[in-house]
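Going by our numbering, the sequence shown opens with residue -12, and the numbers climb by one from there.
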Amino acid sequence: MSFFRDLLESVVPTAYAEEPVEDVEVEQPEDAPEEEVSEETVEEEEEDDEDDDEDDEEEEETADPLDTLREECTKTAACKPFDHHFHECIERVTKEQEEPDYEHKHYKEDCIEEFFHLQHCVNDCVAPRLFNRLK
-12 MSFFRDLLES VVPTAYAEEP VEDVEVEQPE DAPEEEVSEE TVEEEEEDDE
38 DDDEDDEEEE ETADPLDTLR EECTKTAACK PFDHHFHECI ERVTKEQEEP
88 DYEHKHYKED CIEEFFHLQH CVNDCVAPRL FNRLK
């Protein structure tokens, strides 16, 4: 009979609701003294907080090498034309958006193609330099 029960349970699984959890209050003995915070511990905690702030400032100062490399590569001779076309397109689109009938225009230009060309050039320039710095 056990075989049939196992077969039936594998085809039609049964889920049981969880039993309610009883809340048990933890009582502290009356003899236990409560922790008193002294001025020394407060001062020590403040000093630790100041040390943590200094560490955070040091971490913030380190620049991401990827960002600096992207800026450098954007200014290279290979990527300068793509950067020029991208910024030219942004100016053109911005002027077009300021026109009164812009919302009703059938075709609205965007600079996605120029952006992708620029990013492709920058990524090709950055990749070998970045991995050499990370090693």
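Built from N, CA and C at the ideal position, the CB exists for glycine as well.
Coarse secondary structure for residue i, derived from DSSP in three states
i	result
His199	Limits of the chain in this structure are -12 at one end and 122 at the other, which puts residue 199 out of reach.
Cys66	coil
Asp97	coil
Thr1	coil
Lys82	helix
Pro52	helix
Asp88	coil
Where residue i falls, given that 16 or more other Cβ within 10 Å makes a residue buried
i	result
Val(-2)	exposed
Phe69	buried
Phe73	buried
Backbone CA spacing between residue i and residue j [nearest angstrom]
i	j	result
Asp97	Glu86	15 Å
Glu60	Arg79	Reading off the sequence, residue 60 comes out as Cys, not Glu. If I take the Cα positions, the gap works out to 24 Å.
Val113	Lys62	12 Å
His107	Leu(-5)	59 Å
Glu101	Pro0	57 Å
Arg57	Ile99	18 Å
Asn119	Thr81	39 Å
Lys95	Glu5	58 Å
Gln84	Phe103	21 Å
Asp(-7)	Leu121	57 Å
Cβ-Cβ distance between residue i and residue j below 8 Å
i	j	result
Leu117	Pro52	yes
Val109	Cys76	no
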